[in-house]
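**Q** Residues in the sequence shown are numbered from 507 upward in steps of one, following my numbering. No residue lacks a Cβ here, since even glycine has one placed at the ideal position from N, Cα and C.
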Amino acid sequence: MNVDNKNKLYEFEKIAIIVVLVLVVVIGAIVVSIATSGNDSRNDKGTDSELVIQGTSDISETDDYTGDSEQGGEQENSDGFDENPLQGGNANIKFETITVDNTMLTEGELVLVNQDYEFRKNIEDSLVNVYAEKVKRNQSFVLSTTTLMLRMETIDALCDMLAGFNKDTNIGTQSLMITNTYVDIDKQQSDYETEASKLDSSKLPYLQAGGESEHHTGLAFHMVVYPNSQGKMGQGSYEWFVDNCWKYGFVLRYPEGKEDRTQAFADITHFRYVGIPHAACMNINQWVLEDYLDFLQDRTSFENRKTIKDSEGVGYEVYAVKADESGKTKVPVPAADSNWSYTITGANNGYFVVTIKLK
């Protein structure tokens with residue numbers, strides 16, 4: 507073989523090698539592309555699967571809700587508010603619609619009363635003398651006066667709470683005094699004017715004038731340790747009430763750090779009855795009543811019902827219904843023949859709240 511032929515063969519071999527290398531690169535790129543595509547596809551399927559799982563599981567709400575937007579970081583598991591997996595509600599409940607007069611907006615345990623939402627309804631016919639009930643039930647707690655008045659449901663829950671306190675601490679209830687229960691509008695206005703004359707103008711927004719106090723509802727009272735030498739509410743053995751009042755349907759209405767939200771001075775002695783499921787949810791989320799009602803108003807409806815669990819694990823569905831401007835509101839509730847127990851309470855903010863006890 508001459509030199510020219512050898513050179514040609516050598517050139518041909520070089521070209522062949524280059525072609526093979528190019529083919530290897532191309533084939534490798536195709537394989538990588540297919541593998542990447544497969545991984546992306548699997549990743550997409552994994553995301554869809556997670557969404558499906560989330561959409562059919564209870565998702566707890568633990569953010570600090572203020573009515574405007576969600577606050578805080580990641581959600582945490584809790585027994586507070588859960589989104590029901592069955593399209594927002596229990597599919598086994600049969601519903602019907604009833605008509606509720608809007609005068610009922612000021613009735614019920616979730617009535618909101620503050621400087622923005624006044625309460626001027628006369629409820630004296632619905633009140634019960636606390637002293638008479640104390641004697642009838644053989645209770646040992648102390649009253650600041652024998653003329654104190656509350657709603658019966660408040661007294662019932664109070665007695666249950668005091669029994670729980672005595673059971674857990676074994677120190678009795680004779681050192682607990684109930685004060686400041688129902689107050690009528692005229693008395694509240696008089697007290698407001700007296701206090702306002704003593705305070706700096708910067709503190710006036712935290713005072714409640716006549717019509718602005720939830721003491722008008724018969725659902726609130728003050729409880730103090732008596733005599734003072736026995737201790738102080740919220741401290742020592744009496745911290746029990748801070749930790750456990752929600753189990754009996756009460757909340758500390760004016761906690762420290764929430765003054766701007768409640769428009770009231772912090773008060774460790776002020777207890778408000780809101781009902782067991784609502785108190786449970788407010789406790790787990792560290793909400794005041796304003797937060798809770800804003801959440802119900804903005805984030806719930808008949809189509810988007812929420813599930814609450816109390817301290818015993820009993821479930822309740824809850825949702826808000828906006829009052830109609832006509833003066834009468836159609837409210838979806840469990841059908842009369844369905845045997846589901848429910849309540850309707852006004853919130854005094856333009857909404858009704860329906861609570862269904864789950865079986």
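Counting pairs of beta carbons, one from the stretch 662-681 and one from the stretch 692-711, are three or more of them closer than 8 angstroms?
**A** With the cut-off at 8 angstroms, the stretch 662-681 and the stretch 692-711 do not touch.
**Q** Which first and last residues belong to the beta strand (DSSP E) in which N635 is found?
**A** Here the beta strand (DSSP E) through N635 covers 633-635.
**Q** I'd like the list of long-range same chain contacts for M658, defined as Cβ closer than 7 angstroms, with 5 residues on each side in sequence excluded.
**A** So the list reads V634, once near-sequence residues are dropped.
**Q** I'd like the span of the alpha helix (DSSP H) that includes M729, first residue to last.
**A** Taken as a continuous stretch (DSSP letters only), M729 belongs to no alpha helix (DSSP H), being part of the beta strand (DSSP E) at 726-731.
**Q** Y779 and M788 look like a contact to me (Cβ under 8 angstroms); what is the Cβ gap, rounded to whole Å?
**A** The pair is not a contact, with the Cβ atoms about 12 angstroms apart (cut-off 8 angstroms).
**Q** Are F625 and V617 close, meaning C-beta to C-beta below 8 angstroms?
**A** Result yes, Cβ atoms of F625 and V617 sit closer than 8 angstroms.
**Q** What is the rounded straight-line gap between the Cα of N608 and the Cα of Q769?
**A** Spanning the two alpha carbons is a distance of roughly 26 angstroms.
**Q** DSSP beta-bridge partners for I604?
**A** Looking at the DSSP assignment, I604 forms a beta bridge with V837.
**Q** What number of angstroms, rounded off, separates the C-alpha of D666 from the C-alpha of E699?
**A** Their backbone Cα atoms lie some 36 angstroms apart in a straight line.
**Q** Determine the direct distance from the alpha carbon of I790 to that of W846, and round the result to whole angstroms.
**A** If you take the alpha carbons of W846 and I790, they lie about 26 angstroms apart.
**Q** Apply the 10 Å Cβ neighbour rule to A702 and answer buried if 16 or more other Cβ atoms are within range, or exposed otherwise.
**A** A702 comes out exposed.
**Q** Can you tell me whether I604 is buried or exposed? The criterion is at least 16 other CB atoms within 10 Å of its CB, across all chains shown.
**A** Under this definition I604 is an exposed residue.
**Q** So, using beta-carbon positions, are Y623 and N810 closer together than 8 angstroms?
**A** No, the Cβ-Cβ distance between Y623 and N810 is not below 8 angstroms.
**Q** From L737 to M683, what distance separates their C-alpha atoms?
**A** Note on identity: in this sequence residue 737 is Gly, with Leu being the wrong assignment. Using only the alpha carbons, I get a separation of about 12 angstroms.
**Q** Identify every run of the alpha helix (DSSP H) within the stretch 654-713, keeping only runs that are complete inside it and at least 4 residues long; order them along the chain.
**A** Runs found: 658-675, 691-702.
**Q** Please state whether DSSP places G781 in a helix, a strand or coil.
**A** Three-state result, G781: coil.
**Q** Leaving aside the five residues before and after V827 along the sequence, list all residues of the same chain whose C-beta is less than 6 angstroms from its C-beta, in chain order.
**A** The answer, listed in chain order, is V837, F858.
**Q** Please identify the residue among D706, A715, T685 whose C-alpha is closest to the C-alpha of Q694.
**A** Among D706, A715, T685, the Cα nearest to that of Q694 belongs to A715.
**Q** Assuming contact is defined by CB atoms lying nearer than 8 angstroms, are A785 and V820 in contact in what I supplied?
**A** Their beta carbons are not under 8 angstroms apart, which means A785 does not touch V820 by this criterion.
**Q** Looking only at its chain, what residues have a beta carbon closer than 6 angstroms to the beta carbon of T849, apart from the 5 residues adjacent to it on each side?
**A** For T849, where only same-chain residues beyond five positions count, the Cβ hits under 6 angstroms are T861.
**Q** Do V689 and H721 count as a contact pair if the criterion is CB distance below 8 angstroms?
**A** For H721 and V689, yes; Cβs fall inside 8 angstroms.
**Q** When the distance is taken between beta carbons, is V824 closer than 8 angstroms to T806?
**A** Closer than 8 angstroms, so yes.
**Q** With a threshold of 8 angstroms on Cβ separation, who are the neighbours of R767 within its own chain once the five nearest residues in sequence on each side are excluded?
**A** Result list for R767: T572, V794, E796, D797, in chain order.
**Q** Could you name the residues that DSSP lists as bridge partners for T851?
**A** Per DSSP, V859.
**Q** Could you check what DSSP says for K828 in three-state terms: helix, strand or coil?
**A** DSSP places K828 in strand when its eight states are reduced to three.
**Q** Using the Cβ count rule (16 or more neighbours within 10 Å means buried), how would you classify D816?
**A** So D816 counts as buried.
**Q** Would you please state the rounded distance, in angstroms, between the beta carbons of V730 and T685? I believe it to be under 8 angstroms.
**A** Between T685 and V730 the Cβ distance is about 6 angstroms, and since that is below 8 angstroms, they are a contact.
**Q** Give the DSSP bridge partners of G821, in chain order.
**A** G821 pairs with K815.
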